[in-house]
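S.K.: Questions regarding the structure given below will be posed in turn.
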Amino acid sequence: MSDMRPILFFDSGVGGLSVLGPTRALLPAAPFVYVADSAGFPYGTKSEAEIAARVPALLGRLAERYRPRLIVIACNTASTIALAAVRAALDLPIVGTVPAIKPAAAISVTRAIGVLGTKATVRQPYVDDLTARFASDCLVLRHGSAELVELAEAKLRGTATDPARYAAVLDGLLSQPGGERIDTIVNACTHFPLVEAELTAAAPRAIRFVDGSAGIARRVATLTQGQEWPDAAGEGRAVFTGGNADIAALAPALARYGLNRLEPL
Ligand code: DGL
144 MSDMRPILFF DSGVGGLSVL GPTRALLPAA PFVYVADSAG FPYGTKSEAE IAARVPALLG
204 RLAERYRPRL IVIACNTAST IALAAVRAAL DLPIVGTVPA IKPAAAISVT RAIGVLGTKA
264 TVRQPYVDDL TARFASDCLV LRHGSAELVE LAEAKLRGTA TDPARYAAVL DGLLSQPGGE
324 RIDTIVNACT HFPLVEAELT AAAPRAIRFV DGSAGIARRV ATLTQGQEWP DAAGEGRAVF
384 TGGNADIAAL APALARYGLN RLEPL
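Just add 143 to the spot in the sequence shown (first one is 1) and you have my numbering.
As structure tokens, this is what we get:
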């Protein structure tokens, strides 16, 4: 008998699509439910207490409703703050998304890397820990940007964005002492790979951008290895928790990720 249980992706907005993309490529038969917590967006400007109270409770509700086989928290802010609490509360595999400092440190030639995330992510002890474990011989500079999250949301709604704004975000990292040595930047917010082309074009020199999405896709494939999938090709639905998300404008972008059914929670 085929197993209809979906894989549930979770983010505050459209950022998790950067993780869904490579996962769908590896698992074309998998059904996906993509949940954007539009009522709670943005996460990056919220306090630790707000995220810690909101995310486990909401994921508990979503797990009851959609009965997923696995949940991907496709959000660095939620993962670095609430991953342990979600795992403790739910009895199913939970894959988190945390800053890709390890692969960035592995490829940096100058031994200077940047971590570009939300304001909430870049101040997390989780990032101190990843830095100490995997990049202790590197200069690691951090910059938190709410604006880049807004730019990615706008781009996916088909709105043109000003190249100067990407340059200004990068300057927040590269103008710090030692920033001129950075050759690798970790996109430590799932929204940022969605604007990687714009960041690359705005960078004052050749800089490599790194994120964890391919590794997460492989992890999901490993965790679901040997499982049954529905007989028909994988179905995708996008669920919004509320707020003023201007969902209609997102429909073409969501369809490119196989999310053809759009619904409120
Ligand atoms: N996409 C999210 C992340 O990876 C957060 C964006 C936001 O809501 O601020 O951190």
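Glycine is no exception: its CB is placed at the ideal position from the N, C-alpha and C atoms.
Give the DSSP bridge partners of residue 421, in chain order.
M.R.: No answer is possible for residue 421: it lies beyond the span of the chain, which begins at 144 and ends at 408.
S.K.: Pick out whichever of 341, 165, 301 has its Cα sitting closest to the Cα of residue 312.
M.R.: Out of 341, 165, 301, 341 has the C-alpha closest to the C-alpha of residue 312.
S.K.: Near residue 306, which residues of its chain fall below 7 Å by C-beta distance, leaving aside the five closest residues on each side in sequence?
M.R.: These residues qualify, in order along the chain: 341, 344, 345.
S.K.: Below 8 Å on the Cβ atoms is my guess for residue 247 versus residue 237; work out the distance and round it to an integer in Å.
M.R.: Not a contact, Cβ separation roughly 24 Å.
S.K.: In the DSSP assignment, the alpha helix (DSSP H) including residue 196 goes from what residue to what residue?
M.R.: 191 to 209 is the extent of the alpha helix (DSSP H) around residue 196.
S.K.: Residues in its own chain within less than 6 Å of residue 349 by CB, not counting five upstream and five downstream?
M.R.: Nothing listed; no residue qualifies.
S.K.: Looking only at C-alpha atoms, which of 152, 402, 339 sits nearest to residue 239?
M.R.: Residue 152 is the option with its Cα nearest to residue 239.
S.K.: Tell me whether the beta-carbon of residue 162 lies closer than 7 Å to the beta-carbon of residue 225.
M.R.: Contact flag unset, no.
S.K.: From the DSSP output, which residues share a beta bridge with residue 213?
M.R.: Answer is 150, bridged to residue 213.
S.K.: Less than 7 Å between C-beta atoms, sequence neighbours within five positions excluded: which residues of the same chain meet that for residue 148?
M.R.: Only 210, 211, 212 meet the Cβ criterion.
S.K.: Quick check on residue 407: does DSSP put it in helix, strand or coil?
M.R.: It is a strand residue.
S.K.: Output the residue ranges of the alpha helix (DSSP H) runs that lie fully inside the stretch 251 to 301 and measure 4 residues or longer, sorted by chain position.
M.R.: Counting only runs of 4 or more, we get 262 to 265, 268 to 277, 290 to 299.
S.K.: Could you give the residue range of the alpha helix (DSSP H) that holds residue 219?
M.R.: Start and end: 219 to 232.
S.K.: If you follow the alpha helix (DSSP H) that residue 359 is in, where does it begin and where does it stop?
M.R.: Note, residue 359: alpha helix (DSSP H), 356 to 366.
S.K.: Beta carbon of residue 177: closer than 6 Å to some heavy atom of ligand 1?
M.R.: Outside the cutoff, so no.
S.K.: Do the stretch 316 to 334 and the stretch 273 to 289 make contact, defined as three or more Cβ pairs closer than 8 Å?
M.R.: Touching, per the Cβ criterion.
S.K.: Which value, in whole angstroms, describes the spacing of the CA atoms of residue 393 and residue 401?
M.R.: C-alpha separation (whole angstroms): 13 Å.
S.K.: Less than 6 Å between C-beta atoms, sequence neighbours within five positions excluded: which residues of the same chain meet that for residue 228?
M.R.: Answer for residue 228: 199, listed in chain order.
S.K.: Rounded to a whole number of angstroms, what is the C-alpha to C-alpha distance between residue 271 and residue 331?
M.R.: Distance between the alpha carbons of residue 271 and residue 331: 13 Å.
S.K.: Using the rule of at least 16 other Cβ atoms within 10 Å of the residue's Cβ for burial, across every protein chain shown, is residue 166 buried or exposed?
M.R.: So residue 166 ends up on the buried side.
S.K.: Span of the beta strand (DSSP E) holding residue 162?
M.R.: First-last for residue 162: 160 to 169, but that is the alpha helix (DSSP H), not the beta strand (DSSP E).
S.K.: According to DSSP, which residues form a beta bridge with residue 381?
M.R.: DSSP lists 177, 405 as partners of residue 381.
S.K.: Using a Cβ-based criterion (distance less than 6 Å to any ligand heavy atom), does residue 286 qualify as near ligand 1?
M.R.: Checking every heavy atom of ligand 1 against the Cβ of residue 286, none is found closer than 6 Å.
S.K.: Tell me which residues share the same chain as residue 360 and place their Cβ nearer than 6 Å to its Cβ, disregarding the 5 neighbours each side in the sequence.
M.R.: Only 165, 166, 169 meet the Cβ criterion.
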